[in-house]
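Participant:
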Amino acid sequence: MTLSITDVTKRYKIRVTRAQVNALNGVTIDLPAKKTLGIVGESGCGKSTLARMIVGLEQPSSGTVTWNGEPIFDKARNMLSSKHSNIQLVFQDPYSSLNPRQKIGDSIAEVLTVHHLVEKDAVQARIAELLTEVGISPELAHRYPHQLSGGQRQRVSIARALASQPDLLVLDEPVSALDVSVRAEVMNLLIDLRERLGLTYIFISHDLSMIRHISDQIAVMYLGKIVESGPWDSVLENPQHPYTKALIAAMPDHTEVGNNAYEAPLKGEVPDPASMPTGCAFHLRCPIAVPSCSTNAQTLREIEPNHQIACQEVK
Ligand code: ADP
Ligand code: MG
Numbered sequence: 001m002t003l004s005i006t007d008v009t010k011r012y013k014i015r016v017t018r019a020q021v022n023a024l025n026g027v028t029i030d031l032p033a034k035k036t037l038g039i040v041g042e043s044g045c046g047k048s049t050l051a052r053m054i055v056g057l058e059q060p061s062s063g064t065v066t067w068n069g070e071p072i073f074d075k076a077r078n079m080l081s082s083k084h085s086n087i088q089l090v091f092q093d094p095y096s097s098l099n100p101r102q103k104i105g106d107s108i109a110e111v112l113t114v115h116h117l118v119e120k121d122a123v124q125a126r127i128a129e130l131l132t133e134v135g136i137s138p139e140l141a142h143r144y145p146h147q148l149s150g151g152q153r154q155r156v157s158i159a160r161a162l163a164s165q166p167d168l169l170v171l172d173e174p175v176s177a178l179d180v181s182v183r184a185e186v187m188n189l190l191i192d193l194r195e196r197l198g199l200t201y202i203f204i205s206h207d208l209s210m211i212r213h214i215s216d217q218i219a220v221m222y223l224g225k226i227v228e229s230g231p232w233d234s235v236l237e238n239p240q241h242p243y244t245k246a247l248i249a250a251m252p253d254h255t256e257v258g259n260n261a262y263e264a265p266l267k268g269e270v271p272d273p274a275s276m277p278t279g280c281a282f283h284l285r286c287p288i289a290v291p292s293c294s295t296n297a298q299t300l301r302e303i304e305p306n307h308q309i310a311c312q313e314v315k
């Protein structure tokens with residue numbers, strides 16, 4: 001089982017202004033089952049667009065997204081009325097998946113019954129099992145989401161995602177909205193579930209320090225493109241792209257290691273994806289850009305086994 005994303009683009013047309021937002025500009029990812037890919041990049045770089053695409057909520061403008069060789073968007077469309085999906089999305093905000101007017105047990109029951117996952121008389125037992133699995137007492141099943149803490153609510157969203165027995169979970173900033181004190185607990189839960197249930201994860205964050213403990217591979221995104229990817233330790237200990245170096249330098253607990261010594265904060269703002277810079281999209285903010293970077297588009301190339309960057313200036 002593999003997730004294969006091949007040269008995917010996503011363009012949004014804004015009706016009023018007729019602008020075209022280039023949310024994804026050629027993303028390629030191959031992720032084997034039971035591995036975790038951490039995706040990192042600043043706000044607006046296309047992470048959530050990619051997440052929605054992987055679960056089949058969005059159609060690529062071009063390129064393909066497949067799971068076990070099957071195109072995900074077509075499959076999701078065919079499954080709306082029939083079978084459950086083996087790919088689930090967990091959002092940053094648990095209220096995106098939990099109805100505030102529904103008891104948490106009922107929102108899990110909904111998934112189980114809509115997709116006929118268990119016999120009617122086994123629903124309550126399965127709800128208890130799922131809640132226990134995420135560290136929530138089954139006695140809380142009759143509570144409403146607002147009667148839980150933020151951490152508990154996110155655990156319930158995870159339980160709801162697990163209800164359809166997915167193989168792949170796309171976690172879009174799952175702990176970013178939580179208090180720092182409970183983040184580690186939810187991260188540990190996710191790591192534990194991955195081992196116990198043999199899950200494959202796409203773990204998305206704007207913060208490198210959040211993904212490093214959970215990822216086997218890391219992909220760094222900038223303006224809808226992956227600019228560096230590789231095994232987590234090569235990317236973090238031997239970063240090559242100036243953007244990755246800048247993200248590492250911005251990590252709160254960053255200690256200078258190896259050659260990642262860009263201490264200067266990034267210049268300027270992320271450009272608007274409705275008016276993409278020419279050449280390398282990062283050149284306007286890049287500390288090592290030369291004039292040809294404004295005309296030469298960059299593609300990923302391998303610099304050590306499985307470690308790729310898109311930068312002509314790194315030799
Ligand atoms: P991230 O999750 O990394 O913050 P997003 O994927 O949410 O990034 O957004 C990428 C870009 O696409 C942003 O410029 C955003 O405004 C734009 N975008 C996302 N969804 C839509 C949409 N439905 N219509 C128009 N623009 C969108
Ligand atoms: Mg997002």
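Residue numbers (the UniProt record's numbering): 1 to 315.
All C-beta atoms in this analysis are idealised placements derived from N, C-alpha and C, irrespective of residue type, glycine included.
1. So, is residue 387 buried or exposed, given that buried needs 16 or more other C-beta atoms within 10 angstroms?
2. Could you tell me if the beta carbon of Glu173 falls within a distance shorter than 8 Å of some heavy atom in the ligand MG?
3. Taking C-alpha atoms, which residue in Leu50, Thr36, Lys13 lies nearest to Thr28?
4. What's the gap between the Cα of Asp179 and the Cα of Lys35?
5. How many angstroms separate the CA atom of Ala125 from the CA atom of Leu171?
6. Apply the 10 Å Cβ neighbour rule to Val114 and answer buried if 16 or more other Cβ atoms are within range, or exposed otherwise.
7. For Pro242, name the three-state secondary structure that DSSP assigns.
8. For a cutoff of 9 Å on Cβ pairs, would you count Gly63 as touching chain C?
9. Please indicate yes or no: does the CB of Lys13 lie closer than 8 Å to some heavy atom of the ligand MG?
10. Would you list, in sequence order, the uninterrupted alpha helix (DSSP H) runs of no fewer than 4 residues that lie entirely inside the stretch 64-124?
11. Label Ala274 either buried or exposed according to how many other C-beta atoms from any shown protein chain fall within 10 Å of its C-beta, with 16 as the threshold for buried.
12. Sort Asp7, His241, Gly135 by Cα distance to Asp192 and report the nearest one.
13. Considering only residues of the same chain and omitting the five flanking positions on each side of His206, which have a CB-CB separation below 8 Å?
14. Within 8 Å, do at least three Cβ pairs link the stretch 280-287 to the stretch 238-255?
15. Is Asp93 near the ligand ADP, judged by its Cβ being under 8 Å from some heavy atom?
16. Measuring alpha carbon to alpha carbon, tell me which residue in Ile127, Pro94, Tyr95, Arg153 is nearest Glu110.
17. Apply the 10 Å Cβ neighbour rule to Asp7 and answer buried if 16 or more other Cβ atoms are within range, or exposed otherwise.
18. Checking 9 Å against the spacing of the C-beta atoms, do Ser294 and Cys280 come in under that value?
19. If Ile87 and Val156 are in contact, beta carbons under 8 Å, what's the gap, nearest whole angstrom?
20. Using a Cβ-Cβ cutoff of less than 6 Å, which residues in the same chain neighbour Ile211 once the five nearest sequence positions on both sides are dropped?
21. Assuming Val220 contacts Ile226 (C-beta within less than 8 Å), just tell me the rounded distance between them.
22. According to DSSP, is Val257 helix, strand or coil?
23. Can we count Glu110 as close to the ligand ADP, meaning its CB is less than 8 Å from some heavy atom?
24. For Ala128, which of helix, strand or coil comes out of DSSP?
25. Compute every distance between the C-beta of Lys47 and the non-hydrogen atoms of the ligand ADP, then say whether any falls below 8 Å.
26. Have a look at Gln147, Pro138, Glu70 and flag the residue whose alpha-carbon is nearest the alpha-carbon of Asn99.
27. Taking a contact to mean a Cβ-Cβ separation below 9 Å, would you say Gln217 touches Pro239 in this structure?
28. Are Ser107 and Ser97 touching if we call contact CB-CB under 9 Å?
29. Report the rounded CA-to-CA distance for Met187 versus Trp67, giving the unit in angstroms.
30. What would DSSP say about Thr49, mapped onto helix, strand or coil?
31. State the Cα-Cα distance for the pair Ser61 and Lys13, rounded to the nearest angstrom.
32. Please confirm whether any heavy atom of the ligand HEM lies closer than 8 Å to the CB of Ala19.
33. When you measure from the CB of Leu50 to every non-hydrogen atom of the ligand ADP, does any distance come out below 8 Å?
34. When you compare only the Cα positions, how much space is there between Pro71 and Leu57?
Facilitator: Concretely, from the data shown:
1. Since the first residue shown for the chain is 1 and the last is 315, residue 387 is missing from the structure and cannot be characterised.
2. Locating residue 173 in the sequence shown gives position 173, counting from the first residue. Yes, the Cβ of Glu173 comes within 8 Å of a heavy atom of the ligand MG.
3. For the purposes of this step, residue 28 is taken as the residue at position 28 of the sequence shown. The option with the nearest alpha carbon to Thr28 is Leu50.
4. Within the sequence shown, the letter at position 179 stands for residue 179. Within the sequence shown, the letter at position 35 stands for residue 35. Those two C-alpha atoms are separated by around 27 Å.
5. Locating residue 125 in the sequence shown gives position 125, counting from the first residue. Locating residue 171 in the sequence shown gives position 171, counting from the first residue. When rounded, the distance between both Cα atoms is 26 Å.
6. Translated into positions along the sequence shown, residue 114 becomes position 114. Flag for Val114 reads exposed.
7. Numbered from 1 along the sequence shown, position 242 holds the residue referred to as residue 242. Correct three-state label for Pro242: helix.
8. Among the chains of the structure shown, chain C does not appear; only one protein chain is present.
9. Counting from one through the sequence shown, the residue named residue 13 turns up at place 13. Because no heavy atom of the ligand MG lies under 8 Å away, the Cβ of Lys13 does not count as near it: no.
10. 72-79, 104-114
11. Position 274 of the sequence shown, counting from 1, holds the residue named residue 274. The residue in question, Ala274, is exposed, as its Cβ has fewer than 16 Cβ neighbours within 10 Å.
12. In the sequence shown, counting from the first residue as 1, residue 192 sits at position 192. Here the closest residue by C-alpha is Gly135.
13. On the sequence shown, residue 206 is found 206 positions in, with the first residue counted as 1. Closer than 8 Å at Cβ, skipping near neighbours: Val40, Gly41, Glu42, Ser43, Lys47, Glu173, Ser176.
14. Yes, since at least three Cβ pairs between the stretch 238-255 and the stretch 280-287 fall closer than 8 Å, the two stretches touch.
15. As a first step, residue 93 is located in the sequence shown; it is residue number 93 there, counting from the start. Not so, every heavy atom of the ligand ADP lies at least 8 Å from the Cβ.
16. Taking the sequence shown and counting its residues from 1, the one referred to as residue 110 is at position 110. Checked all of Ile127, Pro94, Tyr95, Arg153; the closest Cα to Glu110 is Ile127.
17. Against the sequence shown, residue 7 aligns to sequence position 7. With fewer than 16 Cβ atoms within 10 Å of its Cβ, Asp7 is classed as exposed.
18. The count along the sequence shown starts at 1 and reaches residue 294 at position 294. The count along the sequence shown starts at 1 and reaches residue 280 at position 280. In this structure, Cys280 lies closer than 9 Å to Ser294 by Cβ.
19. In the sequence shown, residue 87 corresponds to position 87, counting from 1. In the sequence shown, residue 156 corresponds to position 156, counting from 1. Not a contact, Cβ separation roughly 19 Å.
20. For the purposes of this step, residue 211 is taken as residue 211 along the sequence shown, with counting starting at 1. Within the same chain, Ile211 has close Cβ partners Gly38, Val40, Phe203, Ser205.
21. For the purposes of this step, residue 220 is taken as residue 220 along the sequence shown, with counting starting at 1. For the purposes of this step, residue 226 is taken as residue 226 along the sequence shown, with counting starting at 1. About 7 Å; that satisfies the 8 Å criterion.
22. Indexing the sequence shown from 1 puts residue 257 at position 257. Caution applies to Val257, whose pLDDT of 49 falls short of 50 and renders its modelled position unreliable; the model cannot decide the point.
23. Numbered from its first residue, the sequence shown carries residue 110 at position 110. Answer for Glu110: no, Cβ out of range of the ligand ADP.
24. Residue 128 sits at position 128 when you count from the first residue of the sequence shown. Helix.
25. Residue numbering aside, residue 47 sits at position 47 when the sequence shown is read from its first letter. Yes.
26. If you number the sequence shown from 1, residue 99 lands on position 99. Checked all of Gln147, Pro138, Glu70; the closest Cα to Asn99 is Gln147.
27. What you label residue 217 is simply residue 217 of the sequence shown in a count that begins at 1. What you label residue 239 is simply residue 239 of the sequence shown in a count that begins at 1. Against a cut-off of 9 Å, the Cβ pair of Pro239 and Gln217 comes out as no contact.
28. Translated into positions along the sequence shown, residue 107 becomes position 107. Translated into positions along the sequence shown, residue 97 becomes position 97. In contact: Ser107 and Ser97 (Cβ atoms closer than 9 Å).
29. What you label residue 187 is simply residue 187 of the sequence shown in a count that begins at 1. What you label residue 67 is simply residue 67 of the sequence shown in a count that begins at 1. Going from the Cα of Met187 to the Cα of Trp67 covers about 25 Å.
30. Taking the first residue of the sequence shown as position 1, residue 49 is located at position 49. It is helical.
31. Within the sequence shown, numbered from 1, the residue matching residue 61 stands at position 61. Within the sequence shown, numbered from 1, the residue matching residue 13 stands at position 13. Looking at the two C-alpha atoms, the distance is approximately 11 Å.
32. This structure lacks the ligand HEM; the ligands present are the ligand ADP and the ligand MG.
33. As a working mapping, residue 50 is identified with position 50 in the sequence shown. Yes, since a heavy atom of the ligand ADP falls inside the 8 Å radius drawn around the Cβ of Leu50.
34. Along the sequence shown, read from residue 1 onward, the residue named residue 71 stands at position 71. Along the sequence shown, read from residue 1 onward, the residue named residue 57 stands at position 57. Cα to Cα, Pro71 sits roughly 12 Å from Leu57.
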